[in-house]
Each structure stands twice: as C-alpha cells, then as structure tokens.
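Remarks on the structure that follows.
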Amino acid sequence: MYGKIFIIVLLFLNFNFLFAQDTIPAPQAPDSTQVDSMRIDTIVIRTLQDKIKYIPRGADLTNPVVSFKRTKPLEEKYRRFSIPSFWEKENKLGFNFSEVAFVNWNAGGNNSISGLASAKFVRNYKFRYVQLNNNLDIRYGLNAQEGFKLRKSDDALRFSSTFAFRRDTISNWYYSASAEFRTQFSNGYKYPNRDKPISRFMAPGYALLGAGTSYIPEGKKFNLRLAPLTFKSTFVLDQTLANGGAFGVQKALVDTDGNIIKEGENVYLEFGFLVSNSWETVVYDNVKLNHRLQLYSDYVKNFGNIDVDWELNLDLTVNKYVKASIGTHVLYDHDIIFDEVKAADGTVTTPGKRKIQFKQLLGVGLVYDF
Numbered sequence: 002m003y004g005k006i007f008i009i010v011l012l013f014l015n016f017n018f019l020f021a022q023d024t025i026p027a028p029q030a031p032d033s034t035q036v037d038s039m040r041i042d043t044i045v046i047r048t049l050q051d052k053i054k055y056i057p058r059g060a061d062l063t064n065p066v067v068s069f070k071r072t073k074p075l076e077e078k079y080r081r082f083s084i085p086s087f088w089e090k091e092n093k094l095g096f097n098f099s100e101v102a103f104v105n106w107n108a109g110g111n112n113s114i115s116g117l118a119s120a121k122f123v124r125n126y127k128f129r130y131v132q133l134n135n136n137l138d139i140r141y142g143l144n145a146q147e148g149f150k151l152r153k154s155d156d157a158l159r160f161s162s163t164f165a166f167r168r169d170t171i172s173n174w175y176y177s178a179s180a181e182f183r184t185q186f187s188n189g190y191k192y193p194n195r196d197k198p199i200s201r202f203m204a205p206g207y208a209l210l211g212a213g214t215s216y217i218p219e220g221k222k223f224n225l226r227l228a229p230l231t232f233k234s235t236f237v238l239d240q241t242l243a244n245g246g247a248f249g250v251q252k253a254l255v256d257t258d259g260n261i262i263k264e265g266e267n268v269y270l271e272f273g274f275l276v277s278n279s280w281e282t283v284v285y286d287n288v289k290l291n292h293r294l295q296l297y298s299d300y301v302k303n304f305g306n307i308d309v310d311w312e313l314n315l316d317l318t319v320n321k322y323v324k325a326s327i328g329t330h331v332l333y334d335h336d337i338i339f340d341e342v343k344a345a346d347g348t349v350t351t352p353g354k355r356k357i358q359f360k361q362l363l364g365v366g367l368v369y370d371f
C-alpha cells in the first residue's frame, strides 16, 4: 500500500518539472547593479619609463661595444684552483763566490779565490693533530790562495726529522720524537800540516735519538723541544783517530813500548737531556733571520757539562736569484780536547784544553729555489 503511494508521488513531481521547463520566462529590464558572471574585464595601467639619469662616460646605448682599452693585464700568471696540500716543501741550491787578484800592487797581497756550495731541502707535513718536519742541509767550501795548497773552508752534512702529536687542536704542546745525524764529507787538517788528518767522514759522526715534548705555536716558525730521554752516539770510524781517543771515545790500550794491546773503541754512547730551539722570522724587508740552538748534558758521566751547538744566520735578498748571507756558528763539546801532547808510547805529557769553537761566514752569491 505504502509502495503504491510513493510511486504516485514520484510520478507527480516529475510531471511538474517537465511542464516548468517548457515555460519561457518574460524578459526583464536590465539592472545596472547586476554583473554578468561570464564577462571578465581587464584593466591596463600604463606609465612612462623613467629616463636614465646617470649615463657612464663613453657609453654607447644605441650600439654597445665591449672594449678592453682600460683593462690591465695580470701581473702574475693565473693559477687555477687546486686542492690544498698539507705538505710544505723547500728546495734551495746556492753558490757563494769570492775572488781577489793583484797585478803590480804596491801594497802587496796574495791572489785568492774561494767558493761555497750549499743545498737545503725541507719537507714538512701538518694536519690537525700531527706534524712531521724533515730537514737536510749540505755545505762544502774550498779556498785557493797563491803560495798555498787548496784548503777546505766549510764542510757539513746534517739531517733531522721530528714527529709530533697533540691531543686536540687548541693546545700548542705536542708529544714529540726526533732523530738527527751530523757528519762531514772529506778530511780535515790543522793547516799547514797535511800529513795527519784530525777528522774524516764519520770521524766524528753524531746521531741523536730522543723523546719528549715540543711547543709549536700556530702561524709561527718556532719550535721549542724538550727531550729528557735522549741517546747520543759519537762515531769515530777512523781507527787511527779512535786509537788516539779522539772525540771522547775510549782510546787504545798500549804497552810500555807503544804497541797496541787493544784497539780503541769506535762508538761513544751517552744518555742525557736535550733542549733544542729553532726560529725563523722576517726582521725587515728582504731580511730573514734563522736561529738554531742545541743544549745537551749527559746524565751518567759528565752531568752539568753542557754541549752547545748554536747557529745564527741573516739572509739578505737582493732579487730572486742574488742573495747575501751573514752567519755565525758556535760549538762547545766537552769531549773534544785541543793542544794535547802525547809521548811515543801514547802517554799524555801535556794535557789539552777544552775550547769554544767559532766560525763566521759572509758571502754573496746565487740562490735557486725550486
């Protein structure tokens, strides 16, 4: 019953909808307040373009042309970006030359010529907690003077290496371990005597191996090293010098007739405390100061006697290839004795003395860095 009533009501509503669609409404007068929803109005606002107030001198706005008349060339060669290296290297070759000649010189004098060759190689590594410094210095010089034979003026071979480690990047104190080796190339004589050499290659030769701490401030070429555990070895590989007890080694044991019973020792070992300092700075334009100092004292045999090795050099740069150098070198070794006189059987008749050794250098020459 209810279903039939629902169907009848649905049919009645559909018929009313159809009849309403066929009825056309009467036209109405347009109302100015009504807006057509299908119409879109576009508003265009136009303004005048501002004129250029400041025109650069020489600018051509109608026909712009790129000009390089005012462009300056680069003073240095352009270097492309490269990944920075943690290694710092230095290669330096130098040669100092001096000459004096006299011809009919009333005041007198001897003709002379001298030359000094040197080489320096540096390889330093630094990254955060670790530093590694390696240095190799080589020097050799000769002097020829009228009326005298060729003489040696300088002779040195030195290599040093230091490894340092710190716990953080704030502190300037490092734990360090170092090794150093020093010797010479050719025989040394007490001129004019050339029959008996007083030194040879590896006679003496020095080797130092130590551990301790270093103070290395950032941005400065300064290094202060304290090594309370340092082994020092003195080598005298020439047996004649070793038998005489040169440079502190145990000399040979001889009988009353001077015959050798036991050969002299070739190595002298020490254990002590080492303080070393190196510093490099620019004191003035084109003037560089290099300073290196070593102080060593043995714990066991001669505690309190300090061996000194001090070098101080000033490098004056004239231009890229011409440089002048002024330097001093002071040495004091408690084991080196001068003016000692021995009898034929090897006994000491006149005890020698320990003296300060001093060397001064002044030269102008060519230097090539690569």
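In case it helps, my numbering puts the sequence shown at residues 2 to 371.
For each residue, glycine too, the CB sits at the ideal point set by N, CA and C.
Pairwise C-beta distances place the region 213-226 out of contact with the region 244-262, as fewer than three of them are shorter than 8 Å.
With fewer than three CB-CB distances shorter than 8 Å, the region 220-232 does not count as touching the region 321-334. According to the DSSP secondary-structure assignment, residue 279 is paired through a beta bridge with 224, 293. Here residue 370 is bridged, per DSSP, to 93. Taking C-beta atoms as the reference points, residue 143 and residue 160 fail to come closer than 8 Å. By the 16-neighbour rule on beta-carbons within 10 angstroms, residue 236 is buried.
Short of 7 Å from the beta carbon of residue 87, and not among the five residues preceding or following it, lie these beta carbons of its own chain, in chain order: 126, 127, 128. Going by DSSP, residue 105 is part of no beta strand (DSSP E) at all; its letter is neither H nor E.
In the three-state reduction of the DSSP assignment, residue 243 falls in the helix class. At the C-beta level, residue 209 and residue 154 stay beyond 8 Å of one another. The bridge partners DSSP lists for residue 72 come to none.
With 16 or more neighbouring CB atoms inside 10 Å of its own CB, residue 205 falls in the buried class. The closest CA to that of residue 369, considering only 85, 253, 97, 89, is found on 97. With 16 or more neighbouring CB atoms inside 10 Å of its own CB, residue 132 falls in the buried class.
In the DSSP secondary-structure assignment, residue 120 is bridged to 94, 139.
Put simply, of 264, 197, 182 the residue whose alpha carbon is nearest the alpha carbon of residue 189 is 197.
DSSP places residue 263 inside the beta strand (DSSP E), whose first and last residues are 261-263. Residue 266 and residue 275 have their C-alpha atoms spaced approximately 24 Å apart. The closest CA to that of residue 182, considering only 193, 170, 199, 135, is found on 135. Inter-segment contact for the region 322-341 and the region 355-366 is present: three or more beta-carbon pairs are separated by less than 8 Å. Following the DSSP letters along the chain, one finds residue 206 inside the beta strand (DSSP E) bounded by residues 206-216. Contact annotation: residue 261 and residue 244 have beta-carbon atoms nearer than 8 Å.
Here DSSP, grouped into helix, strand and coil, assigns residue 273 to strand. For residue 110, same chain residues with a beta-carbon under 6 Å away, outside a window of 5 residues either side, are 103 in chain order. Annotation: the continuous beta strand (DSSP E) that includes residue 165 extends over 152-166. Beta-bridge partners of residue 249 (DSSP): none assigned. Ranked by Cα distance from residue 296, the first of 147, 241, 158, 309 is 309. Residue 139 and residue 367 have their alpha carbons spaced roughly 16 Å apart. Judged by DSSP in its simplified three-state form, residue 335 adopts coil rather than helix or strand. In this structure, the beta-carbon distance from residue 282 to residue 294 does not fall below 8 Å. Of 124, 165, 147, 115, the smallest CA-CA separation from residue 141 is found for 115. Put simply, the backbone Cα of residue 268 is about 8 Å away from that of residue 238. In this structure residue 172 does not touch residue 213 by the C-beta definition: roughly 15 Å separates them, more than the 8 Å allowed. The beta carbons of residue 317 and residue 287 sit about 6 Å from each other, so the pair counts as a contact at 8 Å.
147 is the residue among 167, 147, 76 whose C-alpha sits nearest the C-alpha of residue 113. For residue 184, the enclosing beta strand (DSSP E) covers residues 174-184.
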